[in-house]
Amino acid sequence: KNTFFGPYTGERHRSAERADQSGYAWVIEDDAGNIYDYVDASDPHRSNWLRYVNSPIRKEDENLTAIQFNGEVYYRTLRNIKAGEELFVHYGDEYARELAIHSFDNSIENQTIVQSLLSPPSIASLQTEQL
Numbered sequence: 001k002n003t004f005f006g007p008y009t010g011e012r013h014r015s016a017e018r019a020d021q022s023g024y025a026w027v028i029e030d031d032a033g034n035i036y037d038y039v040d041a042s043d044p045h046r047s048n049w050l051r052y053v054n055s056p057i058r059k060e061d062e063n064l065t066a067i068q069f070n071g072e073v074y075y076r077t078l079r080n081i082k083a084g085e086e087l088f089v090h091y092g093d094e095y096a097r098e099l100a101i102h103s104f105d106n107s108i109e110n111q112t113i114v115q116s117l118l119s120p121p122s123i124a125s126l127q128t129e130q131l
């Protein structure tokens with residue numbers, strides 16, 4: 001439990017349209033919830049093994065949660081994982097609807113951890129760092 005995998009790697013871009021078409025893109029948001037980047041793992045040559053983690057069909061199968069830390073996406077284990085057990089992360093309600101998978105609420109505990117401990121830098125600080 002509480003083991004981290006990542007970061008999730010892929011091409012960085014700012015196109016919502018490309019991200020929506022990809023099926024492998026995570027949204028990166030600032031502290032205020034504004035989208036400032038996407039990390040898109042659709043190209044297997046520019047990504048890592050985390051792109052192969054599937055979305056669970058049932059809540060009880062979910063064993064990872066996606067979090068942001070310093071503008072990167074990581075997966076954190078929600079419980080101990082047995083050897084050979086498939087990894088599952090909930091990609092969100094919109095993704096579930098598109099695949100006709102019954103959506104379920106993500107853990108309030110996990111959302112609180114992400115919001116209070118693991119927030120990415122703001123857009124202003126990113127622009128300053130890039131200069």
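Going by full-length UniProt numbering, 21 is the number at position 21 of the sequence shown; the sequence numbering is gapless. Every residue gets a Cβ at the ideal spot worked out from N, C-alpha and C, and that includes glycine.
Query: What are the residues that DSSP puts in a beta bridge with Arg12?; Result: Val39
Query: Relative to the alpha-carbon of Tyr8, which residue among Lys59, Arg46, Glu86 has its alpha-carbon at the smallest distance?; Result: Arg46
Query: Between Tyr24 and Asp30, how many whole angstroms is the CB-CB distance? I'm expecting something under 8 angstroms.; Result: The Cβ separation is near 22 angstroms, so there is no contact.
Query: The beta strand (DSSP E) spanning Trp26 covers which residue range?; Result: 25 to 29
Query: DSSP three-state call for Leu64: helix, strand or coil?; Result: strand
Query: Tell me where the beta strand (DSSP E) around Thr77 begins and ends.; Result: 72 to 77
Query: Between the Cα of Asn2 and the Cα atoms of Asn70, Gly84, Thr77, His13, which residue gives the shortest distance?; Result: Thr77
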